[in-house]
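Participant: Numbering (this note's numbering), first residue to last: 79 to 569.
Even for Gly, the Cβ is constructed at its ideal location relative to N, Cα and C.
Would you mind keeping the following structure in view while I ask a few things?
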RNA sequence: CGGGGUGUAGCGUAGCCUGGUAUCGCGCCACAUUUGGGAUGUGGAGGUCGUAGGUUCGAAUCCUGCCACCCCGACCA
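This is how it looks when you write it as structure tokens:
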């Protein structure tokens with residue numbers, strides 16, 4: 079493979095695109111804005127899925143599946159929801175094709191027009207709440223705690239692999255509750271689940287917060303989010319958890335009978351993360367050599383590269399390599415022994431670095447003789463020779479260290495890139511020269527938020543949950559403010 | 001959707017201005033020698049030049065439409 083090396087520092091977005099392709103994660107398809115997720119990329123997504131799925135089930139949720147298509151009329155039932163999504167919907171208008179008699183081409187059969195158009199789901203609140211109406215009669219039917227793994231379509235103007243594609247994979251949780259308090263607790267619980275997953279599995283530190291009214295999900299009363307900071311200083315929204323109040327229950331007439339025999343509307347939440355997390359993963363840890371994967375997510379955690387010249391050496395080295403592979407497998411480590419003899423060790427080293435394999439073990443005749451192995455870690459690129467005894471436990475420990483190191487490194491970077499500013503000049507200067515999050519006072523109005531966005535493209539990423547209350551003056555208008563919020567340029 | 005750019009073999013490219021049937025490197029196949037940081041030699045395969053039209057005796061090359069991607073805006077997870 080002739081890999082074109084593009085440096086992060088020179089052109090961040092070209093570096094990103096190049097990395098996604100070269101590391102075999104995904105590629106553009108024949109369909110505009112839609113990507114093909116390749117086996118190696120999909121394997122990483124599957125690991126994300128299984129880690130998240132386990133957490134969802136541990137918190138009492140069940141998986142279910144709802145239709146891809148949503149009748150158009152469902153969208154008009156919740157006004158702000160339709161406002162939010164109308165501009166990016168794919169619509170099915172016909173159900174049949176036919177051969178045009180004149181041209182011989184396949185055309186849409188005009189006689190097969192649907193009575194009511196179907197929307198390809200951009201999110202499933204409407205079809206799900208329409209269904210919940212029939213599932214809920216009494217407080218005894220609540221809560222309903224459901225998650226769906228699905229694809230959704232949002233017709234985006236400008237797409238980027240994983241970060242924003244017209245079709246993407248995600249999970250969407252939709253829960254129904256008897257009280258606002260319970261629904262809010264659910265919303266917060268799922269935000270914690272996302273934060274735990276992001277930090278402990280992806281090794282990406284996140285800030286938990288909630289969105290301003292302007293950035294809120296269409297139809298939500300409150301949108302909680304986790305925000306990550308990428309290496310180029312731009313913020314990425316990595317997951318959201320919405321408290322929907324009774325908006326969808328009212329729109330779809332979902333009521334329940336309380337203990338006191340009163341009719342009440344059901345309280346709702348929804349929460350989701352998508353294949354965008356792949357983008358977060360790539361942009362948080364990777365370098366000019368390629369992908370860097372945290373061990374807990376890596377499809378291959380350890381690769382063993384045997385080195386040999388002659389036939390006898392090959393047998394000797396492979397025997398030892400196999401033995402090591404077996405001992406690693408016995409500890410549940412995902413290991414690959416790459417015994418291909420048509421690629422040089424140097425080629426393999428570069429290849430597995432590109433793919434982000436956390437640990438590489440090289441073993442040659444010299445090692446077999448000395449009872450050693452060479453261990454290289456992807457995160458720091460350090461190489462060292464070590465005694466081959468008790469390899470499995472040493473490697474297991476090393477994988478854990480790498481996981482921690484990646485998180486710590488990303489955390490240090492983020493902490494260095496949260497700048498507290500009190501004047502508009504400082505604000506602009508920081509945004510221009512340092513980027514990252516800017517912690518500043520804001521007067522709480524959407525008008526100011528929009529003016530700031532217009533002036534410098536920075537938006538309020540979130541109001542952190544653990545925010546200190548302190549009085550100050552809005553960085554833009556000078557009006558009084560009771561707390562700081564986090565601004566950044568965002569993906 | 002606006003402004004700019006790009007599209008030639010799996011990947012990266014030369015050729016385009018000045019029209020004559022496509023260059024080179026990597027990869028691929030075979031054999032041999034190799035293998036401790038992207039091996040070498042010899043032979044071989046692989047191309048509707050993004051796509052549809054037009055101009056021309058003749059188009060990768062000139063003209064027009066369309067499509068896709070990249071960068072910058074607007075929109076957004």
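Just how far apart, CA to CA, sit residue 403 and residue 279?
Facilitator: Residue 403 sits at position 325 when you count from the first residue of the first chain. Residue 279 sits at position 201 when you count from the first residue of the first chain. Going by the C-alpha atoms only, they are around 24 Å apart.
Participant: Write down every uninterrupted run of the alpha helix (DSSP H) in the region 464-527 whose length is 4 residues or greater and which is fully enclosed by it, in chain order.
Facilitator: With a minimum length of 4 residues, the continuous alpha helix (DSSP H) runs that stay inside the region 464-527 are 469-494, 502-511.
Participant: Run through DSSP, which three-state label would residue 369 get?
Facilitator: Your numbering for residue 369 matches position 291 in the first chain. Residue state, collapsed to three classes: coil.
Participant: Determine the extent of the alpha helix (DSSP H) in which residue 360 is found, giving its start and end residues.
Facilitator: To locate residue 360, count along the first chain from 1; it is residue 282. First-last of the alpha helix (DSSP H) with residue 360: 354-363.
Participant: Please report the Cβ distance between residue 271 and residue 133, rounded to the nearest whole angstrom; I am assuming they are in contact, meaning their Cβ atoms lie under 8 Å.
Facilitator: Taking the first chain and counting its residues from 1, the one referred to as residue 271 is at position 193. Taking the first chain and counting its residues from 1, the one referred to as residue 133 is at position 55. Rounded, the Cβ-Cβ distance is 5 Å, consistent with contact.
Participant: Given residue 148, which residues of its chain have a CB within under 6 Å of its CB, disregarding the five upstream and five downstream residues?
Facilitator: Numbered from 1 along the first chain, position 70 holds the residue referred to as residue 148. The residues are 197, 199, 204, 205.
Participant: Could you name the residues of the same chain whose beta carbon sits closer than 7 Å to that of residue 172, not counting the 5 residues immediately before and after it, in chain order?
Facilitator: As a first step, residue 172 must be located in the first chain, where it is residue number 94. Contacts found: 186, 187, 190, 191, 192.
Participant: Run through the region 414-453 for me and flag every whole alpha helix (DSSP H) of 4 or more residues, listed as ranges in chain order.
Facilitator: The region 414-453 contains these whole alpha helix (DSSP H) runs: 423-432, 443-448.
Participant: Quick one: using the 10 Å Cβ neighbour count with 16 as the cut-off for buried, is residue 388 buried or exposed?
Facilitator: Reading the first chain from its first residue, position 310 is the one you call residue 388. Burial call: exposed.
Participant: Please report the Cβ distance between residue 241 and residue 354, rounded to the nearest whole angstrom; I am assuming they are in contact, meaning their Cβ atoms lie under 8 Å.
Facilitator: Position 163 of the first chain holds residue 241. Position 276 of the first chain holds residue 354. Yes, residue 241 and residue 354 are in contact; Cβ-Cβ is about 6 Å, under 8 Å.
Participant: Excluding five sequence neighbours on each side, which residues of the same chain lie with their C-beta closer than 6 Å to the C-beta of residue 292?
Facilitator: To locate residue 292, count along the first chain from 1; it is residue 214. Taken in chain order, the residues that qualify are 524, 527.
Participant: At what residue ranges does the region 277-339 contain a whole run of the beta strand (DSSP E), taking only runs of 3 or more?
Facilitator: Here the runs fully enclosed are 285-288, 300-307, 313-323, 333-335.
Participant: Within 10 angstroms of the Cβ of residue 264, are there 16 or more other Cβ atoms? Answer buried if so, exposed if not.
Facilitator: Walking along the first chain from the start, residue 264 turns up at place 186. Result: buried.
Participant: Is the separation between the beta-carbon of residue 100 and that of residue 371 shorter than 8 Å?
Facilitator: Along the first chain, one-based indexing puts residue 100 at 22. Along the first chain, one-based indexing puts residue 371 at 293. Going by C-beta atoms, residue 100 is not nearer than 8 Å to residue 371.
Participant: In the DSSP output, what is residue 234 paired with across the bridge?
Facilitator: On the first chain, residue 234 is found 156 positions in, with the first residue counted as 1. In DSSP, residue 234 forms no bridge with anything.
Participant: Quick check on residue 79: buried or exposed, where buried means 16 or more other Cβ atoms within 10 Å of its Cβ?
Facilitator: Working through the first chain from its first residue, we reach residue 79 at position 1. Residue confidence for residue 79 is low, a pLDDT of 41 falling below 50, so the modelled location carries little weight; the figure read from the coordinates is stated next. Answer is exposed; the Cβ neighbour count stays below 16.
Participant: Cβ atoms of residue 443 and residue 394: under 8 Å apart, would you say?
Facilitator: For the purposes of this step, residue 394 is taken as residue 316 along the first chain, with counting starting at 1. For the purposes of this step, residue 443 is taken as residue 365 along the first chain, with counting starting at 1. A contact, by the Cβ cut-off of 8 Å.
Participant: How would you call residue 457, buried or exposed, if buried means at least 16 neighbouring beta carbons within 10 angstroms?
Facilitator: Locating residue 457 in the first chain gives position 379, counting from the first residue. Under this definition residue 457 is a buried residue.
Participant: Residues in the same chain with beta-carbon distance under 8 Å from residue 531, minus the five sequence neighbours each way, listed in chain order, please.
Facilitator: The count along the first chain starts at 1 and reaches residue 531 at position 453. Cβ neighbours of residue 531 beyond the five flanking positions: 537.
Participant: Residue 117 lies in the alpha helix (DSSP H); which residues open and close that run?
Facilitator: Working through the first chain from its first residue, we reach residue 117 at position 39. It spans 117-136 - the alpha helix (DSSP H) in which residue 117 sits, taken as one unbroken run.
Participant: Does the Cβ-Cβ distance between residue 324 and residue 345 come in under 8 Å?
Facilitator: Reading the first chain from its first residue, position 246 is the one you call residue 324. Reading the first chain from its first residue, position 267 is the one you call residue 345. Yes; because the gap between Cβ atoms is below 8 Å, this pair is in contact.
Participant: Quick one: which unbroken alpha helix (DSSP H) runs of 4-plus residues sit fully inside the region 201-269? Chain order, please.
Facilitator: Counting whole runs of 4 or more residues, the region 201-269 contains the alpha helix (DSSP H) stretches 203-213.
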